[in-house]
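Asker:
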Amino acid sequence: MSTNAIAALGLGVVGLGRAFMLTLPSILADKRIRLAGAVDPRVEAREEFASRFSAPAYETLSEMLNNSAVELVYVASPHQLHREHALAALAAGRHVLIEKPVALSLDDSRAIINAADHNNRHVAVGPSHSFDPQIAMALEIIKSGKYGALRMIRANYDTDFMYRPRRAEELTTKTGGGVIFSQAVHHIDIVRLLAGGKTRRVTALTGNWDKARPSEGAYMALLEFENGVTANLTYSGYAHYDGDESAGWMGELGQRKDPSEYGAARRKLRTVKNPEEETALKAMRGFGLGELPRDPDGNEHFGELMLSLDHADIRIGPEKIRIYGDEAVTTLPVEPLAAGRRHVMDAIWQMVRENHLPVQNARWGHATLEVCHAILKSAQGGNWQPLKEQVAVPGYPIENK
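First residue of the sequence shown: 0, per numbering that gives the first Met the number 0; consecutive thereafter.
The following block contains the structure:
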């Protein structure tokens, strides 16, 4: 039966902030998905949602869970609320899509896993850049064995993350602030997917260099996987070099950037006089106050990514993949060129309608979160941190030979 013959999937959103805004264009572009409800504490956001989408908006999650049209709950609330909102949705018999990270603590993510099992519901964790189409293409190249086994991954990205408008908790590590839970989670998801998933140990250093933005703003991490693959991750969110330059000025979210706007994040932040004004500026990026995001010009990405295999180095970009083989260089176009977050929409459709769990499920999200915590712990003590709750990528080659 074609998807056109099946009723659209009713999606209920918890949190109409920035995360929802970034995913909204892909939701609206997909005829399989229908916005069936939303929860947000802001009156103006609820009114705008109801008016624009002809769907009810509620002040509390319990109210929305009484709406039978909501089949899947998209938890796009702040990190520290993920456990509460996911458990409520699962207990009410709904499937769940949770923004990364799945939760803040490993106990919280275990609770979500147990609740999904107990209620026979499914959980997907995303959007994440591990869903980007060029990453899916790279994984298929690795699985094919055409260029031998994967040996090493190098991933690097420089952004202005720390100077975008933030609420107070977004600058406090304990409440999920800084780059580890918001940005390293992307890097980890990508390299775990490409390397087979099962991280053996991690060592890392982090940077916390601006007293006015007191959380981790940079990291260098080395991951060793059970199959011998190694991955080196480097990230800075301190708004100097712009890593999108190496992607032909394609921004992380798939929108072309103007290099002449260099330094815009720092300039805007200098207009803020106090934390209340910064919180208000952050709110302007959410639904109901700011403009809806425009459709992407190209694919999303997360910086430079290079793979080393036995018989090739592979450079992965948002528009093309370059394979530097033993005797020739091959270029593969990434299609579709502007997928947005379509692969996430595919995943939730298949999860709910076809009972097919994505790789990025609750256990996967838990394993990625375990690596996040290992990075923080290693940075404090300088030691290798063993990983104990990792999961494998289905269909991945069993071992490197």
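Ideal Cβ placement from N, Cα and C applies to all residues, glycine included.
Assuming the contact rule is C-beta atoms closer than 8 Å, histidine 128 and glutamate 353 should be a hit. Round their C-beta distance to whole Å, please.
Answerer: Not quite, the Cβ-Cβ distance comes to about 24 Å (not below 8 Å), so this is no contact.
Asker: Pull up the distance between the alpha-carbon of valine 390 and that of valine 370, whole angstroms please.
Answerer: If you draw a straight line from the Cα of valine 390 to the Cα of valine 370, it is about 12 Å long.
Asker: What is the DSSP secondary structure of serine 67, counted as helix, strand or coil?
Answerer: coil
Asker: Assuming alanine 361 and valine 101 are in contact, meaning their beta carbons sit under 8 Å apart, how far apart are those beta carbons, in whole angstroms?
Answerer: 6 Å
Asker: Just verifying my parser: in three-state terms, what is the DSSP assignment at methionine 0?
Answerer: In this prediction, methionine 0 scores a pLDDT of 45, lower than 50, which makes its location untrustworthy; the coordinate-derived value is nonetheless stated afterwards. DSSP places methionine 0 in coil when its eight states are reduced to three.
Asker: Using C-beta distances below 7 Å, list every residue in its chain close to methionine 0, excluding the 5 sequence neighbours before and after it, in chain order.
Answerer: Confidence is the limiting factor: at methionine 0 the pLDDT is only 45, short of 50, which leaves the residue's position unreliable, though a coordinate-based value still follows. Answer for methionine 0: no residue qualifies.
Asker: Can you tell me the Cα-Cα spacing of threonine 22 and glutamate 83, whole angstroms?
Answerer: 22 Å
Asker: Confirm, please, whether the CB-CB distance from methionine 249 to glutamate 326 is below 8 Å.
Answerer: In this structure, the beta-carbon distance from glutamate 326 to methionine 249 does not fall below 8 Å.
Asker: Would you call the segment 121-138 and the segment 343-359 in contact, with 3 or more CB pairs under 8 Å?
Answerer: yes
Asker: Using DSSP's beta-bridge definition, name the partner residues of histidine 94.
Answerer: Leu71
Asker: Compute the beta-carbon to beta-carbon distance between threonine 202 and leucine 232, rounded to the nearest angstrom, for a pair I have assumed lies under 8 Å.
Answerer: A Cβ-Cβ separation of about 11 Å leaves threonine 202 out of contact with leucine 232 under the 8 Å criterion.
Asker: In terms of residues, what are the limits of the beta strand (DSSP E) holding aspartate 345?
Answerer: No beta strand (DSSP E) contains aspartate 345, which is instead part of the alpha helix (DSSP H) from 341-352.
Asker: For the alpha helix (DSSP H) holding asparagine 113, just list the boundary residues, first then last.
Answerer: 105-117
Asker: Would you give the residue range spanned by the alpha helix (DSSP H) that lysine 197 belongs to?
Answerer: Segment: none, lysine 197 is in no alpha helix (DSSP H) and carries neither H nor E.
Asker: Which class does lysine 319 belong to by DSSP, given the choice of helix, strand or coil?
Answerer: strand
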